[in-house]
Each structure stands twice: as structure tokens, then as C-alpha cells.
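Participant: The opening residue of the sequence shown carries number 1 in full-length UniProt numbering; numbering runs sequentially from there.
Glycine is no exception: its CB is placed at the ideal position from the N, C-alpha and C atoms.
To start, I am sharing the structure in question, which I have written as C-alpha cells.
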Amino acid sequence: MSAVAESPSSLAVAARTDQSVVVLTVEGVLDGSSSAALRDIIMKVTLDEPSAVIVNVSGLQAPTKATWPSLLGVRWQVHTGPDVPILLVCADRAAREAITRSGVARFMPVYATEKSALKALDRLSRRTVRHADAELPSTLTSLRESRRLVREWLIEWSQPALIPVALVVVNVFVENVLEHTSSVPLMRVETDGASATIAVSDGSRTPAVRLPSPDQGIDVSGLAIVDALSRAWGSTPTSSGKTVWAVIGPENQL
Numbered sequence: 001m002s003a004v005a006e007s008p009s010s011l012a013v014a015a016r017t018d019q020s021v022v023v024l025t026v027e028g029v030l031d032g033s034s035s036a037a038l039r040d041i042i043m044k045v046t047l048d049e050p051s052a053v054i055v056n057v058s059g060l061q062a063p064t065k066a067t068w069p070s071l072l073g074v075r076w077q078v079h080t081g082p083d084v085p086i087l088l089v090c091a092d093r094a095a096r097e098a099i100t101r102s103g104v105a106r107f108m109p110v111y112a113t114e115k116s117a118l119k120a121l122d123r124l125s126r127r128t129v130r131h132a133d134a135e136l137p138s139t140l141t142s143l144r145e146s147r148r149l150v151r152e153w154l155i156e157w158s159q160p161a162l163i164p165v166a167l168v169v170v171n172v173f174v175e176n177v178l179e180h181t182s183s184v185p186l187m188r189v190e191t192d193g194a195s196a197t198i199a200v201s202d203g204s205r206t207p208a209v210r211l212p213s214p215d216q217g218i219d220v221s222g223l224a225i226v227d228a229l230s231r232a233w234g235s236t237p238t239s240s241g242k243t244v245w246a247v248i249g250p251e252n253q254l
């Protein structure tokens, strides 16, 4: 086992290869600086296109539940595709439950042992994930273009029932980028055949937060609508800013 990295925050990562699967063993404390370092390490490993990456976080301490979602940033890095499955291993049951509650397990399933994670790869390898990316201009034309691309991709992937909700979600995300940042929106849409994920990245490190509901009346803010229409959504930090994402399924209909 060889050391891959050690950050100033005492995060240590070691790696080994089990056939074509890369196994990273992480020890230390997961905080703002170490999570960024860990995301970069995982991203670099995926560039070699292993059959999967297993990240053993059993020796990783997360001081607050809010730190686990920072791991998701690796799923939305510019050069990381969903083709390489990323699985987590955590021996501590309470930590596994915290990871699941945080939403991370939707994209990085978590298992109690490396053996169970390796066994799960047989099932995951049979799953086909299709995705497409687009860099949009930082102008209002992005709203129309993002909707056009989402419609085109979902039709190509035989997911027409998801189009109405997907169009609303991507419109909210792109509009927020244009209104609140000076970034170009980077859009990714992916589907595993049962659900679809819409993600829009920008260069701002300010997280997207749903505003508190008004004391009276109905909250019709953009993210409130996304929350009501999607299976799950979140705002995840990346090395270049953040990604706001939402998962929609057949139950999300307009």
C-alpha cells in the first residue's frame, strides 16, 4: 500500500489496486481543506479509468454531518464522469447512516466492508449510466438553450416522461447562476434508466440555499419549486465553485 497524499489538516490517503479496482483508505479529519484535497485525489484516480474506485472512510472523522456532502463534489468535477463507479466503505454504522441521510449515498453507495462493496460492483457494473455535458453562455440565451438540450437528451435516452419536470429544474438552476454569479453555467444531465439527475455548476463558492418560507402564503421561490418537484436536491462544493443538483424520477410529474 503506498501513500498518495497527506494534507496540512492531517488527512492521509493510501491506495492499492485490487485487479482493476482502486481502493483508497482515508484517515484523518474531514473539513473544508481536507475535503477539497480528497476530492482532487479521487478525481485524479478516476482519470486512469479503473473499473471502480472504493473509498474506505472508516478512519475518517467528520466533526459535523454537514461535512459528508462535500465528498459529492468529486461527482461534479469538470473532468470526472459518472462512468467510473465510486463506492464508500465505512465500518461504523452511525457514520454510514449519517452518510446516507446526507444524500451522498445516492451517488456514492456506502457499505460496511470492502468485501461487500466489491460484491456490489457486479450489480453496479450492469447498470448503464448515460450522460451529457454542455457549457452555456453567461447570457439569457442559456435559459432557452439549456431547456432545448435537456429535452433533446432525454428524448434520445427514452425518458420523455421526465422532460416537463427536468425543464423546470434546469431553468431554475441556470437562472440562479445568471442572477447571482458572473459564471458561465456548466450543465450535466445523466440517467441510469430509472431516474435522471440535472446538475448545473458555477464558479461561486456561495452555496445555493432555499430561503425560509414566508410567514403567510405559499413559497414559490425557484429552489422551493425544485424541492417540491424532485426526489432530492443539494448544493455541493467543488474545486472551482459549486454544483447544484436534483434527482427526478417517475414519481415527479407535472
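1. Three or more C-beta pairs closer than 8 Å, one from the stretch 136–156 and one from the stretch 60–77: is that the case here?
2. With 16 other CB atoms within 10 Å as the buried threshold, where does Leu136 fall?
3. Assuming the contact rule is C-beta atoms closer than 8 Å, Val84 and Pro50 should be a hit. Round their C-beta distance to whole Å, please.
4. Buried or exposed: which applies to Pro237, given that a residue is buried once 16 or more other Cβ atoms fall within 10 Å of its Cβ?
5. Jot down the residue ranges of each uninterrupted alpha helix (DSSP H) in the UniProt domain "STAS" (11–121), minimum 4 residues, whole runs only, in chain order.
6. On a Cα-Cα basis, can you pick out the residue from Thr243, Ala62, Ala228 and Leu24 that is closest to Met187?
7. Cβ of Ile225 within 8 Å of Cβ of Val184?
8. Could you check what DSSP says for Met1 in three-state terms: helix, strand or coil?
9. In three-state terms, what does DSSP make of Pro237?
10. In the DSSP assignment, find the alpha helix (DSSP H) that holds Ala228 and state where it starts and stops.
11. Alpha helix (DSSP H) containing Arg151: first to last residue?
12. What does DSSP give as the partner residues of Val244 in its beta bridges?
13. Measuring straight from C-alpha to C-alpha, what distance separates Ile54 and Ile155?
14. Roughly how many angstroms lie between the CA atoms of Arg148 and Leu24, to the nearest whole one?
15. Which partner residues does Val189 have in the DSSP bridge list?
16. To the nearest angstrom, report how far apart Val170 and Ser195 are at their CA atoms.
17. Per DSSP, what kind of secondary structure is Pro137 in: helix, strand or coil?
18. Rounded to whole angstroms, how far is the Cβ of Val209 from the Cβ of Ile198, which I believe are closer than 8 Å?
19. Note down, in chain order, each residue of its chain lying with its Cβ closer than 7 Å to the Cβ of Asp40, except the 5 sequence neighbours on either side.
20. Helix, strand or coil: how does DSSP classify Leu167 here?
21. Should Glu114 be counted as a contact of the ligand GTP given a C-beta to heavy atom distance under 7 Å?
22. In three-state terms, what does DSSP make of Ser7?
Facilitator: The structure says:
1. no
2. Taking the first residue of the sequence shown as 1, we reach residue 136 at position 136. Classification of Leu136: buried, given that the 10 Å Cβ count is 16 or more.
3. Residue numbering aside, residue 84 sits at position 84 when the sequence shown is read from its first letter. Residue numbering aside, residue 50 sits at position 50 when the sequence shown is read from its first letter. So it is a contact: roughly 6 Å between Cβ atoms.
4. Counted from its first residue, the sequence shown places residue 237 at position 237. Flag for Pro237 reads buried.
5. 32–46 and 93–101
6. In the sequence shown, counting from the first residue as 1, residue 187 sits at position 187. It is Thr243.
7. Counting from one through the sequence shown, the residue named residue 225 turns up at place 225. Counting from one through the sequence shown, the residue named residue 184 turns up at place 184. Going by C-beta atoms, Ile225 is not nearer than 8 Å to Val184.
8. Looking up residue 1 in the sequence shown gives position 1. Per-residue confidence for Met1 stands at a pLDDT of 47, beneath the threshold of 50, marking its modelled position as unreliable; no derived number is given.
9. The residue labelled residue 237 in the question sits at position 237 within the sequence shown. Correct three-state label for Pro237: strand.
10. Numbered from its first residue, the sequence shown carries residue 228 at position 228. Counting along the chain, the alpha helix (DSSP H) containing Ala228 begins and ends at Gly222 to Leu229.
11. The sequence position of residue 151 within the sequence shown is 151, counting from 1. Per DSSP, Arg151 belongs to the alpha helix (DSSP H) from Thr141 to Glu156.
12. Within the sequence shown, numbered from 1, the residue matching residue 244 stands at position 244. Note: Val244 sits in a beta bridge opposite Val200 and Ser235.
13. Looking up residue 54 in the sequence shown gives position 54. Looking up residue 155 in the sequence shown gives position 155. Going by the C-alpha atoms only, they are around 33 Å apart.
14. The residue labelled residue 148 in the question sits at position 148 within the sequence shown. The residue labelled residue 24 in the question sits at position 24 within the sequence shown. Arg148 and Leu24: Cα-Cα distance of roughly 39 Å.
15. Counting from one through the sequence shown, the residue named residue 189 turns up at place 189. Val189 is bridged to Ala132 and Ile198.
16. Taking the first residue of the sequence shown as 1, we reach residue 170 at position 170. Taking the first residue of the sequence shown as 1, we reach residue 195 at position 195. In a straight line, the C-alpha of Val170 is about 15 Å away from that of Ser195.
17. By one-based count along the sequence shown, residue 137 stands at place 137. The answer is coil: DSSP assigns Pro137 none of H, G, I, E or B.
18. Taking the first residue of the sequence shown as position 1, residue 209 is located at position 209. Taking the first residue of the sequence shown as position 1, residue 198 is located at position 198. Rounded, the Cβ-Cβ distance is 18 Å, inconsistent with contact.
19. Taking the sequence shown and counting its residues from 1, one reaches residue 40 at position 40. For Asp40, where only same-chain residues beyond five positions count, the Cβ hits under 7 Å are Ser239.
20. The residue you call residue 167 lines up with position 167 of the sequence shown. Residue state, collapsed to three classes: helix.
21. The ligand GTP is absent from the structure shown, which contains no ligand whatsoever.
22. Mapped onto the sequence shown, residue 7 falls at position 7. Model confidence at Ser7 stands at a pLDDT of 49, short of 50, so the residue's coordinates are unreliable and nothing is read from them.
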